[in-house]
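Participant: With the sequence shown counted from 1, adding 31 to any position gets you this note's numbering. Cβ atoms here follow ideal geometry from the backbone N, Cα and C, with glycine treated the same way.
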Amino acid sequence: MKTNLLLLSVFVTIIIYANINYQHGINGMTLRDGGTGCICHDLDPTDSVMVWIEGPDTVYLNDTADYKIYISGGPAVVGGFNVATYFSIIDATDTLTQILSDELTHNRPKQFLNDTVFWDFSYIAPDSLVADTLYATGNSTNNDSIPTSIDQWNHAQNFVVHVLDKPVFVNDIIFQPDEFVLHQNYPNPFNPSTMIAFSIIESGLVSLLVYDALGNQISTLVDEHKSAGTYEVEFNSEFTLKDLASGVYFYQLKFGSFVQSKKMLLIK
32 MKTNLLLLSV FVTIIIYANI NYQHGINGMT LRDGGTGCIC HDLDPTDSVM VWIEGPDTVY
92 LNDTADYKIY ISGGPAVVGG FNVATYFSII DATDTLTQIL SDELTHNRPK QFLNDTVFWD
152 FSYIAPDSLV ADTLYATGNS TNNDSIPTSI DQWNHAQNFV VHVLDKPVFV NDIIFQPDEF
212 VLHQNYPNPF NPSTMIAFSI IESGLVSLLV YDALGNQIST LVDEHKSAGT YEVEFNSEFT
272 LKDLASGVYF YQLKFGSFVQ SKKMLLIK
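1) Mind pulling the beta strand (DSSP E) runs of 3 or more residues that sit fully within the region 148 to 201?
2) State yes or no: is the C-beta of Tyr154 within less than 7 Å of the C-beta of Ala96?
3) Give the straight-line distance between the Cα atoms of Asp75 and Lys257, rounded to the nearest whole angstrom.
4) Using a Cβ-Cβ cut-off of 7 Å (strictly less than) and excluding sequence neighbours within five positions of Asp243, which residues of its own chain qualify?
5) For Asn58, which of Ile100, Ile102, Leu131 has the nearest alpha-carbon?
6) Considering only the alpha carbon of each residue, which of Thr136, Ile121, Tyr91, Leu144 lies closest to Asp158?
7) Start and end of the beta strand (DSSP E) containing Ala115?
8) Which residue wins for smallest C-alpha separation from Asp64, given the options Lys273, Tyr117, Val264, Gly105?
9) Could I get the ranges of all uninterrupted beta strand (DSSP E) runs contained in the region 233 to 292, with 3 residues as the minimum, in chain order?
10) With distances taken between CB atoms, is the gap from Val237 to Val212 smaller than 7 Å?
11) Just verifying my parser: in three-state terms, what is the DSSP assignment at Met60?
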């Protein structure tokens with residue numbers, strides 16, 4: 032009899048603790064460090080609950096970007112979540128979220144609207160060039176204050192954020208050009224970076240793009256309105272979304288009907 036009472040007491044304590052913990056936020060639940068998920072509700076994740084993150088997949092060094100985490104499916108009455116990352120800082124953007132041990136979570140369950148609930152948060156990129164990852168876990172419950180298997184949860188697909196260096200522009204007018212020119216890059220061959228200069232004789236929208244030998248665009252160096260003048264921009268082969276092999280690459284300048292391309296050689 033005493034054993035049964037002890038087991039019952041432990042069970043009730045676990046339920047009360049889990050409920051209080053969930054009501055005020057959760058952390059350590061994501062796949063970042065092998066977290067087990069919301070097992071106080073159910074031992075296993077379920078595909079009937081979808082959890083995902085939306086936001087930019089590239090962010091410049093030390094910049095701040097806005098993201099959302101979504102939960103859909105399950106009992107879909109109220110939901111909670113946990114977001115973690117390795118290298119960056121994630122921060123709450125409103126009173127509905129909070130930081131617990133450097134991870135983001137709700138501070139109270141939020142009601143679903145049309146089978147979906149979401150929260151906003153901000154991502155502050157680190158000061159080093161990395162491929163960072165956002166990890167997330169979401170819980171969909173029936174809001175009866177009892178964490179049971181009726182409630183359902185799932186992990187989000189890992190969201191990779193590429194942290195890149197900001198392009199370096201030299202925007203001072205060196206001289207007033209009298210023709211459109213795309214200059215040869217220097218140095219050439221190069222590794223890992225090279226400078227590309229161009230001249231435009233009037234104001235307008237300018238684009239300077241880099242392509243591989245197959246014609247795939249690999250970098251956008253300029254895509255904005257500029258005044259007449261001569262400009263330089265740095266292309267760094269290490270600050271692209273994929274590793275570049277040694278070989279021939281092309282850069283192309285477009286200004287209205289003016290289009291000019293040149294070759295450059297990367298040698299590692």
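Facilitator: According to the structure data:
1) Here the runs fully enclosed are 162 to 172, 183 to 186, 190 to 195.
2) In this structure, Ala96 lies closer than 7 Å to Tyr154 by Cβ.
3) Their backbone Cα atoms lie some 55 Å apart in a straight line.
4) Here the set comprises Ile249, Tyr280.
5) Closest in C-alpha terms to Asn58, from the list Ile100, Ile102, Leu131, comes Leu131.
6) Measuring from the Cα of Asp158, the nearest candidate turns out to be Tyr91.
7) 109 to 116 is the span of the beta strand (DSSP E), which, as asked, contains Ala115.
8) Distance check between Asp64 and each of Lys273, Tyr117, Val264, Gly105 places Tyr117 closest, using alpha-carbon atoms only.
9) Those beta strand (DSSP E) runs which fall completely within the region 233 to 292 and span 3+ residues are 235 to 242, 248 to 257, 260 to 267, 278 to 286.
10) No, these two residues do not count as a Cβ contact at 7 Å.
11) Coil, per DSSP.
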